[in-house]
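> Residue numbers (my numbering), protein chains in the order written: chain A, 89 to 285; chain B, 89 to 285.
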DNA sequence: GTCTATATTTGGATAGAC
DNA sequence: GTCTATCCAAATATAGAC
């Protein structure tokens, strides 16, 4: 007979393996590109053979979806949720901006999976897309709302300029940080423009 | 005996075929992704078999390089060279910004090839990279220099925010133009900040 | 749950006839 | 310059033994 304890243990073990695979996938993706690694390579890295991976992910796109989801979970942990908080000072906003810059540039492949469309045919599942929206809401929308900014155009302006600094760093000089000071300046520019903080 | 005329004719014919292949490659790339089309598909589209393509491009990466080069030539034709011109008015700058936005968003795959790094292992040749730099110089550096802006940080700020608007449009809602009005606003923001025009 | 073996497809690229 | 035929490598995914 199967005890509940055994089921739990089995589930936990399964989830742990899943996690290990996802992390190995990130490592491989950083080296070979997000679409450039194979399931054979991935299996080898976790000490399995390729077919065993199908116990954890039904298709390669399902793996991508788990990575996408994982990326947004990481971002969520890295930034400070702004929901129900007092408005940030200008310096605190810059601090969050630098954290975002560092998060994105430290792993360009992760940034691409999360914010660009690097894999033809892959789209995040509804669940993962919902998490992405949730993170955006908790961090950006809330932060701006706390400053009194709620109209979509201004929110987009903020998203555009901050992501612009990040994506230029990654496109023109990945691995470096020479665009990092520009994040502060871009945020100054924005805040001067909207006349708050 | 081969006449010079014949050589010219042959060369022109060769270049015409090359051009036809590049254009077919763009069409395919728009549908299948930049790395998602095969040389077999490409050959079929121009009425050839795959091996014949090797008369025109030694490898697939050479084809990508030709496309990269072609993209920057197209951009060069689309924008107005600013070298030796009088400073633009604010409205004229916005006009150029909108042209850039339209150019980039009308073909996201082209934008990706030109400005992101969508193909692991592909880097533009020295010649193509030089063209890219030349275009950037003739358009952006010159335009800003005519306004008295010459320091690198401010130039980068301009590049960051304008590319940011474009890349958000492509990432979040490709095919649409709902971020287009933000290009004007971003340029206002920038010009207010640097206090010119 | 993991394996071996393999099906199946597809890719880039080359040899050599015409 | 274009073709047919083919090489070779690699990919995702499945079947079925253990």
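C-beta: ideal position from N, C-alpha, C; glycine also. Predicted model, so just to flag it, every value in this text is computed and none were measured.
1) Pull up the distance between the alpha-carbon of residue 285(A) and that of residue 275(A), whole angstroms please.
2) Go to residue 271(A), then tell me how far its alpha helix (DSSP H) extends in each direction, as first and last residue.
3) Since residue 208(A) meets chain B, which of its residues come closer than 8 Å, beta carbon to beta carbon?
4) Taking only three categories from DSSP, how would you classify residue 168(B)?
5) Verify the CB distance criterion: does residue 262(A) have a CB-CB separation below 9 Å to chain B?
6) Mapping the DSSP letters down to three states, classify residue 234(A) as helix, strand or coil.
7) If you draw a straight line from the alpha carbon of residue 206(B) to that of residue 115(B), how long is it in whole angstroms?
8) Just reading off the alpha helix (DSSP H) that residue 202(A) is part of, what are its end residues?
9) For residue 230(A), which residues of its own chain have a beta-carbon under 7 Å away from its beta-carbon, when the five flanking residues on both sides are left out?
10) Could you work out which residues of chain B lie near residue 154(A), taking near to mean beta carbons separated by less than 9 Å?
11) Is the separation between the beta-carbon of residue 252(A) and that of residue 252(B) shorter than 9 Å?
12) Under 8 Å: do the segment 132–144 of chain A and the segment 214–233 of chain A share three or more Cβ pairs, one atom per stretch?
13) Using the Cβ count rule (16 or more neighbours within 10 Å means buried), how would you classify residue 209(A)?
14) Of the residues 155(A), 212(A), 124(A) and 191(A), which one's Cα is nearest the Cα of residue 262(A)?
15) Keeping to the same chain, check which residues put their C-beta closer than 6 Å to that of residue 141(A); ignore five residues upstream and five downstream.
16) Would you kindly work out how many angstroms separate the C-alpha atoms of residue 223(B) and residue 111(A), rounded to a whole number?
17) Hey, does residue 256(B) have any beta-carbon neighbour from chain A nearer than 9 Å?
18) What do you reckon, are the CB atoms on residue 154(A) and residue 106(A) nearer than 9 Å?
19) Rounded to whole angstroms, what's the CA-CA distance from residue 287(A) to residue 103(B)? Just pull it up for me.
20) Can you give the beta carbon distance from residue 260(A) to residue 175(A), rounded, assuming they're within the 8 Å contact cut?
21) Going along chain A, which residues have a C-beta under 7 Å from residue 203(B)?
22) Does residue 278(B) get closer than 9 Å to chain A when you measure Cβ to Cβ?
23) Just list the alpha helix (DSSP H) runs in the segment 96–162 of chain B, keeping only unbroken ones of 4 residues or longer that don't cross its boundaries, in chain order.
24) Are the CB atoms of residue 256(A) and residue 244(B) nearer to each other than 9 Å?
25) Using alpha carbons as the reference points, say which of 283(A), 144(A), 162(A) and 277(A) lies closest to residue 237(A).
26) Less than 9 Å between the C-beta atoms of residue 187(B) and residue 201(B), yes or no?
27) Apart from the five residues just before and just after residue 178(B), which ones in its own chain have a Cβ nearer than 7 Å to its Cβ?
28) What's the C-alpha gap between residue 211(A) and residue 121(A)?
29) Apart from the five residues on each side of it in sequence, which residues of its chain come closer than 7 Å, Cβ to Cβ, to residue 156(A)?
30) In terms of residue numbering, what span does the alpha helix (DSSP H) encompassing residue 228(A) cover?
31) Just mark residue 119(B) as buried or exposed, buried being the case when its beta carbon has 16 or more other beta carbons within 10 Å.
32) Flag residue 267(B) as yes if its beta-carbon sits less than 9 Å from any beta-carbon of chain A, otherwise no.
33) If we define contact as Cβ-Cβ less than 9 Å, is residue 104(A) a contact residue for chain B?
34) Find the nearest neighbour of residue 273(B) within the set 220(B), 182(B), 143(B) and 109(B), judged by alpha-carbon distance.
35) Determine the DSSP secondary structure at residue 180(A), reduced to helix, strand or coil.
If we stick to the structure as given:
1) Taking the first chain and counting its residues from 1, one reaches residue 285(A) at position 197. Taking the first chain and counting its residues from 1, one reaches residue 275(A) at position 187. Looking at the two C-alpha atoms, the distance is approximately 11 Å.
2) Locating residue 271(A) in the first chain gives position 183, counting from the first residue. Counting along the chain, the alpha helix (DSSP H) containing residue 271(A) begins and ends at 268–282.
3) Position 120 of the first chain, counted from the first residue, corresponds to residue 208(A). Those within 8 Å of residue 208(A) in chain B are 120, 121, 123 and 124.
4) Residue 168(B) sits at position 80 when you count from the first residue of the second chain. In the structure shown, residue 168(B) adopts coil according to DSSP, grouped into three states.
5) Against the first chain, residue 262(A) aligns to sequence position 174. Yes, contact with chain B.
6) Here residue 234(A) refers to the residue found at position 146 of the first chain. In the structure shown, residue 234(A) adopts helical secondary structure according to DSSP, grouped into three states.
7) Taking the first residue of the second chain as position 1, residue 206(B) is located at position 118. Taking the first residue of the second chain as position 1, residue 115(B) is located at position 27. The C-alpha of residue 115(B) is placed about 17 Å away from the C-alpha of residue 206(B).
8) For the purposes of this step, residue 202(A) is taken as residue 114 along the first chain, with counting starting at 1. Going by DSSP, residue 202(A) is part of the alpha helix (DSSP H) stretching over 196–203.
9) Taking the first residue of the first chain as 1, we reach residue 230(A) at position 142. Excluding sequence neighbours, residue 230(A) sits near 170 and 171.
10) Numbered from its first residue, the first chain carries residue 154(A) at position 66. Those within 9 Å of residue 154(A) in chain B number zero; the least Cβ separation is about 20 Å.
11) Numbered from 1 along the first chain, position 164 holds the residue referred to as residue 252(A). Numbered from 1 along the second chain, position 164 holds the residue referred to as residue 252(B). Taking 9 Å as the Cβ cut-off, residue 252(A) and residue 252(B) qualify as a contacting pair.
12) At 8 Å Cβ cutoff, the stretches do not touch.
13) Here residue 209(A) is taken as the residue at index 121 of the first chain, counted from 1. Label assigned to residue 209(A): exposed.
14) Here residue 262(A) refers to the residue found at position 174 when the first chain is read from its first residue. It is 191(A) whose Cα lies nearest to the Cα of residue 262(A).
15) Position 53 of the first chain, counted from the start, is the residue given in the question as residue 141(A). These residues qualify, in order along the chain: 127 and 131.
16) Here residue 223(B) is taken as the residue at index 135 of the second chain, counted from 1. Here residue 111(A) is taken as the residue at index 23 of the first chain, counted from 1. Rounded to the nearest angstrom, the two C-alpha atoms are 41 Å apart.
17) As a first step, residue 256(B) is located in the second chain; it is residue number 168 there, counting from the start. Chain A contact via Cβ: present.
18) If you number the first chain from 1, residue 154(A) lands on position 66. If you number the first chain from 1, residue 106(A) lands on position 18. Contact flag set, yes.
19) The structure shown does not extend to residue 287(A), since chain A spans only 89 to 285, so no value can be given for it.
20) Residue mapping note: residue 260(A) aligns to position 172 of the first chain, counting from 1. Residue mapping note: residue 175(A) aligns to position 87 of the first chain, counting from 1. Their Cβ separation, rounded to whole angstroms, is 34 Å, which puts residue 260(A) and residue 175(A) out of contact at 8 Å.
21) Translated into positions along the second chain, residue 203(B) becomes position 115. The answer, in chain order, is 259.
22) On the second chain, position 190 is the one that residue 278(B) refers to. Yes - at least one Cβ of chain A is within 9 Å of the one on residue 278(B).
23) Runs found: 127–133.
24) Against the first chain, residue 256(A) aligns to sequence position 168. Against the second chain, residue 244(B) aligns to sequence position 156. In contact: residue 256(A) and residue 244(B) (Cβ atoms closer than 9 Å).
25) Here the question's residue 237(A) lines up with position 149 in the first chain. Of the candidates 283(A), 144(A), 162(A) and 277(A), 283(A) places its Cα closest to the Cα of residue 237(A).
26) Counting from one through the second chain, the residue named residue 187(B) turns up at place 99. Counting from one through the second chain, the residue named residue 201(B) turns up at place 113. The answer is no: Cβ separation not under 9 Å.
27) Mapped onto the second chain, residue 178(B) falls at position 90. Hits under 7 Å: 279 and 285.
28) Translated into positions along the first chain, residue 211(A) becomes position 123. Translated into positions along the first chain, residue 121(A) becomes position 33. Those two C-alpha atoms are separated by around 17 Å.
29) The residue you call residue 156(A) lines up with position 68 of the first chain. 201, 202, 212 and 216.
30) Counting from one through the first chain, the residue named residue 228(A) turns up at place 140. Element bounds for residue 228(A): n/a, residue is neither H nor E.
31) The residue you call residue 119(B) lines up with position 31 of the second chain. Within 10 angstroms of the beta-carbon of residue 119(B) lie fewer than 16 other beta-carbons, which makes it exposed.
32) Numbered from 1 along the second chain, position 179 holds the residue referred to as residue 267(B). True, the Cβ-Cβ gap to chain A drops below 9 Å.
33) Walking along the first chain from the start, residue 104(A) turns up at place 16. Chain B contact via Cβ: absent.
34) Within the second chain, the letter at position 185 stands for residue 273(B). The candidate whose alpha carbon is nearest that of residue 273(B) is 182(B).
35) Locating residue 180(A) in the first chain gives position 92, where the first residue counts as 1. Three-state DSSP puts residue 180(A) in a helix.
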